[in-house]
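Input: a single structure, listed below in structure tokens.
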Amino acid sequence: MIRQAMIFAAGEGRRMRPLTLDCPKPLLSVAGRPLLAWHLDRLVAAGIQRVVINLHYLADQLRQWVKQSAPVELEIIFSEEAQLLETGGGLLQALPLLDPAPFWLINGDIWLDSLPSAPQLEAEELGRLWLVPNPPHHPDGDFVLQDTGQRATFSGCSLLKPELLSTAQRVATFGEPRTGAFKLAPLLHKALEQGRLSTALYTQGWMDVGTPERLEALHTHLTGAAR
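Taking our numbering, the leading residue of the sequence shown gets 3, the next gets one more, and so forth.
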């Protein structure tokens, strides 16, 4: 059973401005609760025990909210970035805070009904990505669904092994053992090309909460009423 997870929460939320001028995006309220609270509840329900959260923008607010309001069932550890490391660099910095076992990786600006069922990964597998049908704001998708061959959009939820960020994989992807700030997507594409990463369709409720309009749409979905 998967016991650990990481949530990306370091970004500045520029597309969410002005809402994020004085509030980190994971603490924006939807249906009366911060986005981060929804994620942590989903992780508790899935049996997660340890969660790493990366911090940068308005980090003190996130740290204080976790101290006061996070579920007591979770051990929460922070990976603070002196400068933004993007998704790949942020994950690489945080890996020593996780056990050398598979972990859930979740974007802080999405909403999920629940975590999908975790597959049993084979020895050579590096993980699985869950995709959703392409939303109107992202019609071209990100990856190909293995079952259908159709392009679909990354949900922001994946199950990964730390080996995805190994020196060998970084050299295979970038031609060098990349450190510092770099994106995770090239590593995912390389692992898919190698046949070491799989894709599956996420069939439950999902939303990319990347703009004020989509935050409002999620609030309406959850409450049945406009803000």
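C-beta atoms are modelled at their ideal positions from N, C-alpha and C, and glycine is treated no differently. Source: prediction; values computed, not measured.
Judged by DSSP in its simplified three-state form, V74 adopts coil rather than helix or strand. Contact annotation, T181 with V146: C-beta distance approximately 29 Å; criterion of less than 8 Å not satisfied. Secondary structure of E215 (DSSP, three-state): helix. Contact check between the region 64 to 84 and the region 113 to 124: fewer than three CB pairs, one atom from each, fall below 8 Å, which does not count as touching. CA-CA distance, R216 to M209, rounds to 8 Å. Exclusion of the five residues before and after A48 leaves L117 as the residues of its chain whose Cβ lies within less than 6 Å of its Cβ. Looking at the backbone, the Cα of A170 and that of H221 are separated by about 43 Å. The beta carbon of T213 is closer than 6 Å to those of R17 in its chain, skipping five residues each way along the sequence. Excluding residues up to 5 positions away in sequence, I4, R5, Q6, A7, L76, W106 lie with their Cβ nearer than 8 Å to the Cβ of I50 in the same chain. For V32, the number of other beta carbons within 10 angstroms of its own is at least 16, and it is reported as buried. The straight-line gap separating the alpha-carbon atoms of L42 and P164 is approximately 21 Å. Judged by DSSP in its simplified three-state form, D210 adopts strand. The region 176 to 193 makes contact with the region 88 to 97: 3 or more CB pairs, one atom from each, lie closer than 8 Å.
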